[in-house]
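Residue numbers for the sequence shown follow my numbering, so the first one is 1 and each next one is one higher. Positions of the beta carbon are idealized from the N, C-alpha and C atoms, including for glycine. Below: the structure, in structure tokens.
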Amino acid sequence: MIWFQKLEKFSGNQWGWVLDSLIKDKDSRQALINFNQPKHKYNGVKDFPCTLSIQYLIRDNQLISITNMRSNDLVYGLGNDFPFFSYLHQRLHKQLKEVYPELGLGKIIHTAGSLHTYEKHYKMMDNIIDEYNVHEHKSAELKKDI
1 MIWFQKLEKF SGNQWGWVLD SLIKDKDSRQ ALINFNQPKH KYNGVKDFPC
51 TLSIQYLIRD NQLISITNMR SNDLVYGLGN DFPFFSYLHQ RLHKQLKEVY
101 PELGLGKIIH TAGSLHTYEK HYKMMDNIID EYNVHEHKSA ELKKDI
């Protein structure tokens, strides 16, 4: 995985870089994992990582994660990506709590240049929305009875 690949001119990997950066300087703005690499960009290739980077910051004693994506599919992408990034956030938080016991688990900020649904998924999305509306309506009716 890319965050465990060795970094040039650094004895560790990107995960270690993030951890070391925040341990050495709690206010660091350099705790960053780059997913998209120059090797992904060659003629005609369209399938390269959608995730560009994740930056970790400690502000007001809270660990914040900022994910930047070039593209994110609502149906299959977001539902897999966000839980994974949440896992990384929690994992880093657990490691940093050994150094900063009072550190809180802060926000995850997830941004995408293109957040989209493919036409082939429109019917599925309509079904999900319809199902949500049915349950929301039933929930409202139940609240009236209480």
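Taking Asn-13 as reference, the option from Ile-33, Thr-51, Asp-27 with the minimal CA-CA separation is Ile-33. For Arg-59, the enclosing beta strand (DSSP E) begins and ends at 51-59. If you draw a 10 Å sphere on the C-beta of Thr-67, you find 16 or more other C-beta atoms in it, and that means buried. For Leu-32, the three-state secondary structure derived from DSSP is strand. By the neighbour-count criterion, in which a residue is buried when 16 or more other Cβ atoms sit within 10 angstroms of its Cβ, Tyr-87 is exposed.
Distance check between Gly-77 and each of Gly-44, Ile-23, Asp-20, Tyr-118 places Tyr-118 closest, using alpha-carbon atoms only. With respect to the 8 angstroms criterion, Leu-92 and Tyr-56 are classified as neighbours on the basis of their beta carbons. For the options Gln-37, Ile-109, Tyr-100, the alpha carbon positioned closest to that of Ile-23 is the one of Tyr-100. In the three-state reduction of the DSSP assignment, Gln-37 falls in the coil class, being assigned neither a helical nor a strand state.
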